[in-house]
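Residue numbers (UniProt numbering): 1 to 83. All residues carry an ideal CB built from backbone N, CA and C; glycine is no exception. Notes for the one structure printed next.
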(Lines of atoms letter the chains of each structure in order from A; the text may use other names.)
(Lines give C-alpha, C1' and ligand atoms only; values in the text may rest on other atoms or scores of the structure.)
Protein backbone atom coordinates (compact mmCIF):
# COMPACT_ATOMS: atom_id res chain seq x y z
CA UNK A 1 0.00 0.00 0.00
CA UNK A 2 1.27 3.43 -0.96
CA UNK A 3 1.78 6.02 1.76
CA UNK A 4 0.50 9.04 -0.16
CA UNK A 5 1.87 11.56 2.31
CA UNK A 6 5.33 9.99 2.12
CA UNK A 7 5.21 9.99 -1.68
CA UNK A 8 4.05 13.63 -1.73
CA UNK A 9 6.97 14.55 0.54
CA UNK A 10 9.42 12.72 -1.74
CA UNK A 11 8.10 14.59 -4.79
CA UNK A 12 8.17 17.92 -2.98
CA UNK A 13 11.72 17.40 -1.74
CA UNK A 14 12.94 16.37 -5.19
CA UNK A 15 11.19 19.11 -7.17
CA UNK A 16 11.28 22.08 -4.79
CA UNK A 17 14.72 23.16 -5.98
CA UNK A 18 13.54 23.85 -9.52
CA UNK A 19 13.46 27.43 -10.73
CA UNK A 20 9.73 28.20 -10.64
CA UNK A 21 7.70 28.93 -12.61
CA UNK A 22 8.46 25.85 -14.72
CA UNK A 23 7.24 25.54 -18.29
CA UNK A 24 8.22 21.93 -19.12
CA UNK A 25 9.43 18.71 -17.47
CA UNK A 26 12.96 19.58 -18.60
CA UNK A 27 12.93 22.51 -16.15
CA UNK A 28 12.82 19.95 -13.32
CA UNK A 29 15.86 17.86 -14.26
CA UNK A 30 18.52 20.16 -12.73
CA UNK A 31 16.70 20.05 -9.38
CA UNK A 32 16.62 16.25 -9.15
CA UNK A 33 19.27 14.76 -6.85
CA UNK A 34 20.04 11.91 -9.27
CA UNK A 35 18.75 13.49 -12.46
CA UNK A 36 16.19 11.47 -14.42
CA UNK A 37 17.22 8.38 -12.44
CA UNK A 38 15.90 9.84 -9.17
CA UNK A 39 13.66 7.15 -7.69
CA UNK A 40 10.43 7.58 -5.80
CA UNK A 41 9.26 4.64 -3.68
CA UNK A 42 6.44 3.96 -1.27
CA UNK A 43 4.79 0.60 -0.65
CA UNK A 44 4.08 -1.03 -4.03
CA UNK A 45 4.95 2.17 -5.89
CA UNK A 46 8.43 2.53 -7.39
CA UNK A 47 9.21 4.82 -10.29
CA UNK A 48 12.12 6.93 -11.51
CA UNK A 49 11.62 10.53 -12.56
CA UNK A 50 12.07 9.40 -16.18
CA UNK A 51 9.34 6.76 -15.80
CA UNK A 52 7.13 9.28 -14.03
CA UNK A 53 7.46 11.66 -16.96
CA UNK A 54 6.29 8.95 -19.39
CA UNK A 55 3.22 8.14 -17.23
CA UNK A 56 2.07 11.73 -16.81
CA UNK A 57 0.12 13.64 -19.40
CA UNK A 58 1.33 16.92 -20.78
CA UNK A 59 0.47 18.57 -17.47
CA UNK A 60 -0.84 22.06 -16.91
CA UNK A 61 2.39 23.92 -17.53
CA UNK A 62 3.45 26.42 -16.44
CA UNK A 63 3.43 25.62 -12.73
CA UNK A 64 4.03 28.55 -10.43
CA UNK A 65 5.30 26.55 -7.45
CA UNK A 66 6.20 23.07 -6.26
CA UNK A 67 2.87 22.50 -4.49
CA UNK A 68 0.87 23.09 -7.66
CA UNK A 69 3.12 20.71 -9.58
CA UNK A 70 3.06 17.97 -6.92
CA UNK A 71 -0.73 18.29 -6.57
CA UNK A 72 -1.09 17.64 -10.31
CA UNK A 73 1.37 14.72 -10.25
CA UNK A 74 -0.49 13.08 -7.37
CA UNK A 75 -3.86 13.60 -9.09
CA UNK A 76 -2.63 12.11 -12.37
CA UNK A 77 -1.10 9.08 -10.63
CA UNK A 78 -4.34 8.60 -8.71
CA UNK A 79 -6.45 8.92 -11.88
CA UNK A 80 -4.34 6.16 -13.49
CA UNK A 81 -4.66 3.93 -10.39
CA UNK A 82 -0.89 3.97 -9.97
CA UNK A 83 -1.16 4.97 -6.30
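> Roughly how many whole angstroms lie between the Cα atoms of residue 19 and residue 46?
Replying inline: If you take the alpha carbons of residue 19 and residue 46, they lie about 26 Å apart.
> Can residue 70 and residue 4 be called in contact, C-beta distance under 8 Å?
Replying inline: Between residue 70 and residue 4, the CB-CB gap reaches or exceeds 8 Å.
>> Using CA atoms only, rank isn't needed, just tell me which of 17, 51, 48 is closest to residue 65.
In response: Nearest of 17, 51, 48 to residue 65, Cα basis: 17.
>> Considering only the alpha carbon of each residue, which of 79, 50, 83, 74 lies closest to residue 26?
In response: Residue 50 is the option with its Cα nearest to residue 26.
> Which residue or residues does DSSP assign as beta-bridge partners of residue 39?
Replying inline: Per DSSP, the beta bridge partners of residue 39 are 48.
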